[in-house]
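Reading through the structure tokens given below for one structure.
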Amino acid sequence: MRNEALRLAGEKVGADRGGERCIEVRNPYTGALVGTVPKATLAEVRRAFDSALHYKPALSRFERSQILNRCAALVRERSQTIAALITAESGLSLQDSRYETGRVADVLMFGANACLIDDAQTFACDITPQGRQRRVHTRRDPLLGVNSAITPFNHPMNQVAHKVVPSVATNNRMVLKPSEKVPLSALLFADLLYEAGLPPAMLSVITGDPAEIADELITHPAVDLVSFTGGVGIGKHIAARAGYRRLVLELGGNDPLIVMDDADLDEASTLAVQGSYKNSGQRCTAVKRLLVHEAVAQRFTDLVVDKTRAWSFGDPSDPAVQMGTVIDEAAARLFEARVGEALAQGARLLAGHRREGALYAPTVIDQVRPEMTVVREETFGPVSPIIRFSSIDEAIAISNGTAYGLSSAVCTNRLDDIARFVAELQVGTVNVREVPGYRLELTPFGGIKDSGLGYKEGVQEAIKSFTNLKTYSLPWT
Ligand code: NAD
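And the structure:
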């Protein structure tokens, strides 16, 4: 597939650029060329902002809802093609890519529904001794300027959908820079929206080298909101550069699955492997640490090892394979090195730890200590490090002991323990007897500490970031 156009407000530009102004997208499993995209120049990025700024969206709620619903239908209709593209450019298994395609359709459907909800509020003003016979009303307006979105590689289309859909639902204009590692899914998503009727000026997609163009998406004078999903390092760099602008930062995670001594160990071990290996372990909410009560640790570990050995991995395009590659060989080498370091420091290898190019086998290590790099940092791959604890206090302390605070999972039926986990875990989400990543595309989602500033995504909350809330008061009650 060759993709020669930047989606600057739907224009076809950049078709004639030479090879040095293109980015090659290669299949992480085969190394084959999947497509090329333009390396935008700074001038092209500025042009995208200028044309967005000069366009005033005027779609009714009904029209926006129709466009998003039509796009959801297109995504469902073409799910095989979309999944194949996601797999080809990211190395995610077809099973993972199909699941992602369904999630994208859900984001669009929830966005379409949200367009139809008027969340305006009204306040009677005669409710205090100083009160008057008036009413205060609220309304949500689109941003005055343009919004910038920057997305990561790990969900090539769904991360893009979570930025674009709330922007469209609120009649905003967006300039999007997808990850240079997986730009083709973002371009396809934009094309589907245009086909569904989106005025191209409401969405421009810029592809390029972040070293050349990313700063412009943060500092261009037209930018009112920067919405970023990615790693902590770049997120904090953006926070330092953005200045007086609204910022939504959805950053890395280091999520625990905590297994108490009363847990159903079959269920807990199934959640552990699903949480660790789906999407090749490359979810911000993947299980990154297995914390297990020492009374059940051995039985739980044996089950995790059995289920890990049964987790198939290999050619991502084979529909029978559960797990494909990670994003590239450099990432696989990093996981190999981190696990190697933990083993040298006394952890025990129970499964996996074999690498071939960008393919890294689902890996279980036991006797892990919280200070080891593999669990202190975010290890964004298919690794299950097991840490044992002896009390709920210790489990909470270990869980809270990293810089991250995205999500968590707890396996127990004891309501008193659950109440403590919900109150005391320093995270954005606690899922009881589910993986940390469980959510609807609608529900509020996002982290605290180094995982984010507390502003949420999920269609319903994201809409708030994309709008200015205005109040007005009237003398009529
Ligand atoms: P990354 O931070 O390396 O890159 C993210 C984006 O930032 C890419 O589009 C990249 O081109 C861009 N970028 C690079 N340099 C930049 C600069 N100087 N200024 C602005 N943008 C720049 O992240 P990644 O490796 O693509 O994705 C993995 C990370 O994303 C993990 O840490 C993961 O946990 C996180 N993530 C978080 C969430 C969440 O909702 N909290 C969701 C998915 C992924």
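If you count by my numbering, then the sequence shown holds residues 260 to 736, one letter each, in order. We treat Cβ as the ideally placed atom computed from N, Cα and C, and that holds for glycine.
Mind pulling the beta strand (DSSP E) runs of 3 or more residues that sit fully within the region 647–674?
668–670
Output needed for residue 651: all residues of its chain with C-beta closer than 7 Å, excluding positions within five of it in sequence on either side, in chain order.
In chain order, 676, 679 place their CB closer than 7 Å to the CB of residue 651, counting only its own chain and leaving out the 5 sequence neighbours on each side.
Kindly list the residues whose CB is nearer than 7 Å to the CB of residue 681, restricted to its own chain and excluding five residues on each side of it in sequence; keep chain order.
689
Residue 353 - DSSP class collapsed to helix/strand/coil:
Here residue 353 sits in helix by DSSP.
Which two residues bound the contiguous beta strand (DSSP E) that contains residue 464?
If you look at residue 464, you'll find it in the beta strand (DSSP E) that goes 462–464.
Following a CB-centred definition, is residue 670 positioned closer than 6 Å to any heavy atom of the ligand HEM?
In terms of ligand content, the structure shown lacks the ligand HEM and carries the ligand NAD instead.
Mind checking residue 470: buried by the 16 CB within 10 Å criterion, or exposed?
exposed
Tell me whether the beta-carbon of residue 435 lies closer than 7 Å to the beta-carbon of residue 473.
no
In angstroms with no decimal places, state the Cα-to-Cα distance between residue 575 and residue 377.
43 Å
Indicate, with yes or no, if the ligand NAD has a heavy atom lying under 6 Å from the CB of residue 448.
no
8 Å contact criterion, which residue 546 and residue 518 should meet: CB distance rounded:
Wrong, their Cβ atoms sit about 11 Å apart, outside the cutoff.
Using a Cβ-Cβ cutoff of less than 6 Å, which residues in the same chain neighbour residue 439 once the five nearest sequence positions on both sides are dropped?
If the five residues before and after residue 439 are omitted, its C-beta is found closer than 6 Å to the C-beta atoms of 282, all from its own chain and listed in chain order.
Per DSSP, what are the beta-bridge partners of residue 508 in this structure?
487
Nearest CA to the CA of residue 482: which residue from 433, 458, 453, 496?
433
Spatial distance of residue 398 from residue 373 (CA atoms):
15 Å
Taking one C-beta from the region 689–706 and one from the region 533–551 each time, how about it: are there three or more such pairs within less than 8 Å?
yes
Could you tell me whether the region 654–668 touches the region 607–626, using the rule of 3 or more Cβ pairs below 8 Å?
no
Whole angstroms are fine: how far does the CA of residue 352 sit from the CA of residue 288?
When rounded, the separation of the alpha-carbon atoms in residue 288 and residue 352 is 10 Å.
Using the Cα positions of residue 451 and residue 731, report the straight-line distance between them to the nearest angstrom.
38 Å
Residue 607 bridges to which residues according to DSSP?
625
From 527, 536, 437, pick the residue whose C-alpha is nearest to that of residue 672; which is it?
Its Cα nearest to that of residue 672, the residue 527 stands out among 527, 536, 437.
According to DSSP, residues forming a beta bridge with residue 401
726.
Which residues in the same chain have their Cβ closer than 6 Å to the Cβ of residue 611, if we skip the five residues on either side of it in sequence?
Within its own chain, the residues whose Cβ lies closer than 6 Å to the Cβ of residue 611, once the five positions on either side in sequence are excluded, are 620, 621, 622, listed in chain order.
Apart from the five residues on each side of it in sequence, which residues of its chain come closer than 7 Å, Cβ to Cβ, to residue 400?
726, 727, 729
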